[in-house]
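Written out below as structure tokens is the structure these notes cover.
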Amino acid sequence: MSNKRYIVHIDLDSFFVSVERKFNPELIGKPVLIGGSADRGVVASCSYEARKYGIHSAMPTRQALKLCPHAIVIHGTHGRYSEASREVTEIINNAVPLYQKTSVDEFYIDLTGMDRFHDPYKMATDLRQKIMRDTGLPISFGMASSKTVAKMATNQAKPNGQLLVPHGSEMAFLAPLPISKIPMLGESTCKKLYGYGIEKIGDLQKVELRFLQTVFGKAGLFIWEKARGIDYSEIIPHSDRKSISSEHTFHNDVADRRTLETILVSMTEELSYKLRKEDKLAACLAVKVRYSNFETHTLQQKIPLTAAEHILIPGIKNLLKKAWNGYRPIRLIGVRLSNLATGRYQINLFEDNEEQIRLYQALDSINFKFGDKTVCRAAGMEIGTRNFNPFLKG
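In full-length UniProt numbering, the protein residues as written are 1 to 394.
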């Protein structure tokens, strides 16, 4: 029996833009920006057509519009993205034995051991075709012996492609790529390496481990292993868990509160829906913030058992305020709901009223019965702030 690992990394190409194009096909082929207002917002996501002008996520919208004045700016609707993400999750859930969802548009799948019965690459290819057929969204994947190499393969396969890195060819695949392509390698680390004339991963593969440890301390081993495609990290399954979480890594560090909150709300919405679908409630909230130097802060708070977004979202926003000083750029942001208990809505005397409890139950029962698209939540109705509940009579 082979003990080779077969890891697939799946990424929905410029996800927010692709979802908006489903609703408005006129956006296809045009430079599209998803994000805040032109005067103060930043780009949360942009189409490949916009990237040709040098636009990238986390860039101020004003600057993006200078580079490409005819770009179309869309505010974005959380509800739509969580819906599309759930659709894709459902397809993957029904097709593979083990997967991990790492963000609203990104998954790792472990097909290790399946090679005794199937060709893992063909399985991944068929799954990609099915997702594209069923959801109408473009998607790319990379397949390799580890999470890191699979993710980098996906990045090479984009847009709308797929790539296999066969066992044994990891170093050769990585060698010609710039070091900035290594996931989680921050800008300052890259700058330091450039100072030593190390620009390609191939250059990095020739460097002694001891040298990297001298220059970077603990991170030295991490950098040395990544350059060789060594990554033993496991895929943490979607199963009977004590906590559920989601995180998002930005291509460029972000210091814009609105962008961070948009991503947090989207993740929290999705996690709370998942809780209700599994008849679970959470009693602890956490926000994770990682800066470019890998310094990571997690802040958590106990709450009354709940699965209701109107309680979770303000709680998460509040934790962000405490965890982050408001100006230091963030590389990764995550949400975790933990201390899970089985059960339906616990009535929280201070926050809820009967109407609200019934509303959530009605919303979810409609969505469970007729599929997730039937009813969209408040965030899907383009409400700028979630600190109030639009369903309550004022």
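Even for Gly, the Cβ is constructed at its ideal location relative to N, Cα and C.
- Setting aside the 5 residues that flank it on each side, residue 100 is surrounded in the same chain by 108, 235, 236, each with a C-beta closer than 6 Å to its C-beta; the list follows chain order.
- The beta carbons of residue 139 and residue 91 sit about 10 Å from each other, so the pair does not count as a contact at 8 Å.
- Residue 120 sits buried, since 16 or more C-beta atoms from the chains shown fall within 10 Å of its C-beta.
- Residue ranges of uninterrupted alpha helix (DSSP H) with 4 or more members, entirely inside the region 220-293 and ordered along the chain, are 257-277.
- For the options 49, 269, 72, 251, the alpha carbon positioned closest to that of residue 34 is the one of 72.
- In this structure, residue 144 and residue 170 form a Cβ contact; the two beta carbons are roughly 7 Å apart against a cut-off of 8 Å.
- If you look at residue 106, you'll find it in the beta strand (DSSP E) that goes 106-110.
- If you draw a straight line from the Cα of residue 18 to the Cα of residue 146, it is about 28 Å long.
- When rounded, the separation of the alpha-carbon atoms in residue 22 and residue 136 is 7 Å.
- Between the region 199-217 and the region 177-184, the count of Cβ pairs shorter than 8 Å is three or higher; the stretches touch.
- One thing to note: residue 305 has its Cβ no nearer than 7 Å to the Cβ of residue 285.
- Taking residue 242 as the centre and dropping the five residues before and after it, the same chain places the C-beta of 338, 340 closer than 7 Å to its C-beta, in chain order.
- Of the candidates 7, 53, 262, the residue whose Cα lies closest to the Cα of residue 113 is 7.
- Pairing residue 62 with residue 43, the inter-Cα distance amounts to about 9 Å.
- Annotation: the continuous beta strand (DSSP E) that includes residue 334 extends over 330-338.
- As computed with DSSP, residue 101 is found in a beta bridge with 107.
- Just measuring C-alpha positions, the residue of 312, 279, 321 sitting nearest residue 298 is 321.
- Rounded to the nearest angstrom, the gap between the Cα atoms of residue 49 and residue 210 is 43 Å.
- For the region 30-83, the full-length alpha helix (DSSP H) segments reaching 4 residues or more read 48-51, 61-67 along the chain.
- Rounded to the nearest whole angstrom, the C-alpha separation of residue 207 and residue 172 is 16 Å.
- Taken through DSSP and simplified to helix, strand or coil, residue 297 comes out as strand.
- Cα atoms of residue 141 and residue 158: separation of roughly 8 Å, rounded to the nearest angstrom.
- Rounded to whole angstroms, the gap between the alpha carbons of residue 246 and residue 260 is 14 Å.
- Between residue 248 and residue 103, the C-beta spacing is below 7 Å.
- Secondary structure note for residue 308: it is in no alpha helix (DSSP H), with a DSSP letter that is neither H nor E.
- Within the same chain, and ignoring the five residues on either side of residue 302 in sequence, the residues whose Cβ sits closer than 7 Å to its Cβ are 283, 284.
- Look at residue 117 here: in three-state DSSP terms it is coil, with no helix or strand label.
- With at least 16 other beta carbons inside 10 angstroms of its own, residue 311 counts as buried.
- The C-beta distance from residue 218 to residue 148 rounds to 18 Å, too long to fall under 8 Å, and the pair is not in contact.
- The beta carbon of residue 220 sits closer than 6 Å to those of 212, 213, all from its chain and outside the five residues before and after it, given in chain order.
- If you compare the alpha carbons of 76, 54, 128 with that of residue 24, the shortest gap goes to 76.
- Residue 186 is not a Cβ neighbour of residue 47, given a cutoff of 7 Å.
- As a beta-bridge residue in DSSP terms, residue 8 pairs with 109, 143.
- Assigned with DSSP and collapsed to three states, residue 25 falls in helix.
- At least 7 Å separates the beta-carbon of residue 262 from that of residue 316.
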